[in-house]
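Peer 1: Start counting the sequence shown at 2; every next residue gets the next number (my numbering). So that we are looking at the same thing, I have put the structure below in structure tokens.
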Amino acid sequence: QLLVATNFIKNIVTEDVASGAVHEVITRFPPEPNGYLHIGHAKSICLNFELADEFHGKTNLRFDDTNPLKEDIEYVDAIKADVAWLGFHWDKLCFASDYFEEMYHRAQILIKKGKAYVCDLSADQIREMRGTLTEPGVESPYRNRSIEENLSLFEDMRNGLFPDGSKVLRASINMSSPNLNMRDPVLYRIAHAHHHRTGDDWCIYPMYDYAHPLEDAIEGVTHSLCTLEFADHRLLYDWVVSECEMKSVPHQYEFARLNMTNTVMSKRKLKQLVDESIVDGWDDPRMPTISGLRRRGYTPESIRTFAREIGVAKNNSRVDERMLEHFVREDLKLKAMRTMAILRPLKVVITNYPENQTEWLEAENNSENPEMGTRQIPFSRELYIEYDDFMENPPAKYFRLFPGNEVRLKHAYFIRCDEVIKDEHGMIRELHCTYDPETKSGSGFTGRKVKGTIHWVDAGHVLPVQFRLFEPLVDTTEDDSEDAFLHRINAQSLQILQGFVEEQLCDAVPYDKFQFFRHGYFSVDPKLSLPKHPVFNRVVSLKSSFSV
Ligand code: ATP
Ligand code: MG
Ligand code: MG
């Protein structure tokens with residue numbers, strides 16, 4: 002069996018399997034249910050699931066639900082739906098809260114070994130006494146409590162005898178360790194808060210640095226992948242696993258977080274956008290959340306390819322959001338039906354075409370994928386074209402419609418603009434054109450050439466629809482940091498247009514995807530659409546200057 006190792010974590014796993022150090026690769030994706038998942042999480046999801054898959058291992062979906070104040074069952078359900086939609090099947094569905102009893106028991110083991118103590122200092126005092134990189138910390142006056150006293154105080158903490166913030170359980174390690182995380186870190190805090198799963202069973206909750214390694218060890222996780230900011234927590238991670246005498250020994254590896262241009266990538270900030278109603282919920286199509294990308298029309302395949310292609314680096318960087326767009330274009334190119342939609346309609350009357358007559362023209366459904374077949378589209382005396390495809394006084398090299406000029410109507414005929422009809426305010430109301438029956442598309446006409454091809458729909462067979470076009474939510478070009486992002490919100494990030502699509506699209510259902518000729522890829526919005534009245538979100542425009 003030949004395994005091609007393309008990232009450093011895969012190299013490690015490959016070696017562990019080859020040396021026999023690891024028999025079955027077990028990974029986990031451990032979200033805290035305090036918000037919806039974003040594209041950064043998708044990177045972690047793909048990494049964990051694909052790594053285990055490749056080595057015929059297993060991946061757990063584990064909720065790191067140790068902070069009841071910020072967590073909610075709504076988030077648990079949304080996260081499960083998002084991971085499943087991305088196309089991954091977890092082996093076990095786990096909750097850190099299921100291990101609270103065991104974690105408590107392991108803390109008692111630490112106390113009995115003299116490795117943990119109950120401390121009455123306030124959070125501020127603990128922080129002040131921790132010292133700095135250049136100054137050692139100061140030991141807590143409670144550090145030398147007896148084992149008996151610590152055991153009974155810890156039990157009293159659990160039994161709710163103390164108010165929030167009055168006591169913590171701390172590890173007893175080394176207040177002058179060069180690694181600040183080793184300076185008697187807090188393991189448990191008191192929080193009289195209702196937990197979405199354990200209710201009021203607990204009023205003490207374990208801290209991340211204590212809970213996470215135990216969760217991994219309990220589940221037999223072999224490779225615990227996390228983002229770079231946890232690199233200097235690894236020493237503590239290993240300390241917890243070892244001092245708590247866990248049988249299974251997981252190892253932590255760090256990789257770079259994904260950041261993207263023109264958006265923010267943290268549940269806290271995204272929650273702010275939702276709470277302040279800057280967006281229409283977590284699944285607003287402008288959000289970098291999985292649910293937002295899904296609603297916008299992104300496919301799971303495109304997100305997985307993106308996650309794979311950006312790779313696993315050891316240094317943080319900001320990925321150009323156009324790279325994500327590139328992959329959804331690639332994915333939809335051969336799958337999406339190509340039809341005509343008019344986003345800003347302008348009426349055209351073909352004055353030499355008979356009234357009350359409709360002919361049906363053949364149009365291929367995807368010019369790059371003949372397997373998608375053809376359809377019949379109507380053509381008659383009144384049409385709509387794109388307002389932007391006409392100019393009364395065009396600049397040089399303008400090849401679309403202008404008075405006296407001839408263009409090709411996609412799938413139909415050449416038309417020439419003869420007359421511009423305006424209303425009493427001087428606004429263009431409609432164009433009067435003539436068509437040349439000789440020039441029918443597919444007829445082999447070679448008599449003369451035109452430089453421009455524009456799209457259109459037949460006015461008698463249209464479906465009026467709403468189009469929603471998006472621009473980046475946040476501008477990150479000036480300032481590379483995500484701080485103060487609320488001041489850089491793009492007020493023009495949503496544009497709503499009322500226009501027309503081919504009538505047959507009335508049967509489109511949520512998430513159906515189309516390429517609208519020259520406008521880009523669109524997807525039917527699941528929240529705003531009604532039966533027979535689809536609302537179209539633009540997933541992405543057709544072209545980009547970006548290539549990979
Ligand atoms: P946020 O700051 O956005 O809330 P988080 O790290 O607190 O993110 P968790 O729910 O704890 O969110 O994350 C679950 C997993 O996803 C963790 O293993 C975390 O390292 C990973 N993850 C989170 N954000 C990113 C990102 N931007 N890029 C890659 N992995 C990420
Ligand atoms: Mg976290
Ligand atoms: Mg967070």
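C-beta atoms are modelled at their ideal positions from N, C-alpha and C, and glycine is treated no differently.
Any heavy atom of ligand 1 inside 7 Å of the beta-carbon of His39?
Peer 2: yes
Peer 1: Taking the DSSP output, what are the residues bridged to Glu360?
Peer 2: Phe380
Peer 1: For Phe517, I'd like the list of residues in its chain whose CB is within less than 6 Å of its CB, leaving aside the five on either flank, ordered along the chain.
Peer 2: Ala342 and Phe523
Peer 1: From the DSSP output, read off the bridge partner residues of His224.
Peer 2: His252
Peer 1: I'd like to know whether the C-beta atoms of Lys533 and Cys507 end up nearer to each other than 8 Å.
Peer 2: Annotated as proximal: Lys533 and Cys507, with beta-carbon spacing under 8 Å.
Peer 1: Nearest by alpha-carbon distance to Leu237: which of Glu431, Gln126 and His213 is it?
Peer 2: His213
Peer 1: Specify the secondary structure class of His534 as computed by DSSP and reduced to three states.
Peer 2: strand
Peer 1: Could I get the ranges of all uninterrupted beta strand (DSSP E) runs contained in the segment 250–321, with 3 residues as the minimum, in chain order?
Peer 2: List check, beta strand (DSSP E) in window: 252–256, 259–261 and 318–320.
Peer 1: Confirm the yes/no value for this check: CB of Arg63, any heavy atom of ligand 1, distance under 7 Å.
Peer 2: no
Peer 1: Could you give the residue range of the beta strand (DSSP E) that holds Gln467?
Peer 2: Val463 to Phe471
Peer 1: Quick one: grab the DSSP three-state call for Gln516.
Peer 2: strand
Peer 1: Restricting to runs no shorter than 4 residues, where is the alpha helix (DSSP H) found entirely within the segment 37–103?
Peer 2: 40–55 and 74–87
Peer 1: Mind checking whether Gly500 and Val466 have CB atoms under 8 Å apart?
Peer 2: yes
Peer 1: Beta carbon of Pro34, beta carbon of Tyr76: below 8 Å?
Peer 2: yes
Peer 1: Please look up how many angstroms separate the CB atoms of Pro438 and Tyr414, rounded, as I've assumed it's under 8 Å.
Peer 2: 7 Å
Peer 1: Between Glu331 and Glu310, what straight-line distance do the alpha-carbon atoms span, to the nearest angstrom?
Peer 2: A straight line joining the alpha-carbon of Glu331 with that of Glu310 spans about 13 Å.
Peer 1: Starting from the C-beta of Val536, find all residues in its chain whose C-beta is less than 6 Å away, skip the five residues before and the five after it, and write them out in chain order.
Peer 2: Excluding five sequence positions before and after Val536, the CB atoms of its chain that fall closer than 6 Å to its own CB belong to Gln467, Asp526, Leu529 and Ser530, given in chain order.
Peer 1: Express the C-alpha separation of Glu504 and Glu16 in angstroms, rounding to a whole number.
Peer 2: 59 Å
Peer 1: Return the Cβ separation of Thr375 and Ala364 in integer angstroms, given the expectation that the two are a contact with Cβ distance under 8 Å.
Peer 2: 6 Å
Peer 1: Using the Cα positions of Glu372 and His456, report the straight-line distance between them to the nearest angstrom.
Peer 2: 23 Å
Peer 1: Closer than 7 Å by C-beta to Asn370: which residues in its own chain qualify, once you throw out the five before and the five after it? Chain order, please.
Peer 2: Leu335
Peer 1: Tell me, please, whether the segment 23–38 touches the segment 219–232 by the rule of three or more beta-carbon pairs shorter than 8 Å.
Peer 2: yes
Peer 1: Under the DSSP definition of a beta bridge, which residues are partnered with Asp459?
Peer 2: The bridge partners DSSP lists for Asp459 are Leu384.
Peer 1: Starting from Gln126, trace the alpha helix (DSSP H) in both directions and tell me its first and last residue.
Peer 2: Ala124 to Met130
Peer 1: For Arg297, I'd like the list of residues in its chain whose CB is within less than 6 Å of its CB, leaving aside the five on either flank, ordered along the chain.
Peer 2: Pro286, Asn538 and Val540
Peer 1: Among all the DSSP beta bridges, which residues are the ones paired with His433?
Peer 2: Per DSSP, Val350 and Glu420.
Peer 1: Are three or more beta carbon pairs between the segment 227–234 and the segment 101–113 nearer than 8 Å?
Peer 2: Touching, no.
Peer 1: Does DSSP put Ala232 in a helix, a strand or coil?
Peer 2: helix
Peer 1: Does Phe163 come out as helix, strand or coil in the three-state DSSP assignment?
Peer 2: DSSP places Phe163 in coil when its eight states are reduced to three.
Peer 1: Can you tell me which of the three DSSP states Tyr414 falls into?
Peer 2: Annotated three-state conformation of Tyr414 is coil, per DSSP.
Peer 1: Comparing C-alpha positions only, which one of Ala492, Val275, Met288 and Ala192 sits nearest to Ile40?
Peer 2: Met288
Peer 1: Hey, how far is the Cα of Tyr118 from the Cα of Ala172?
Peer 2: 6 Å
Peer 1: Sorry if obvious, but does the Cβ on Ser45 come closer than 7 Å to a heavy atom of ligand 1?
Peer 2: yes
Peer 1: Assign Trp203 to buried or exposed, taking buried as 16 or more other Cβ atoms, counted over all protein chains shown, within 10 Å of its Cβ.
Peer 2: Trp203 comes out buried.
Peer 1: Please tell me whether, using a cut-off of 7 Å, the distance from the CB of Leu294 to the nearest non-hydrogen atom of ligand 5 is below it.
Peer 2: Absent from the structure shown: ligand 5. Ligands present: ligand 1, ligand 2 and ligand 3.
Peer 1: With a cut-off of 8 Å, does the C-beta of Glu369 fall near any C-beta of chain D?
Peer 2: Reference to chain D is not applicable here, since this structure consists of a single protein chain.
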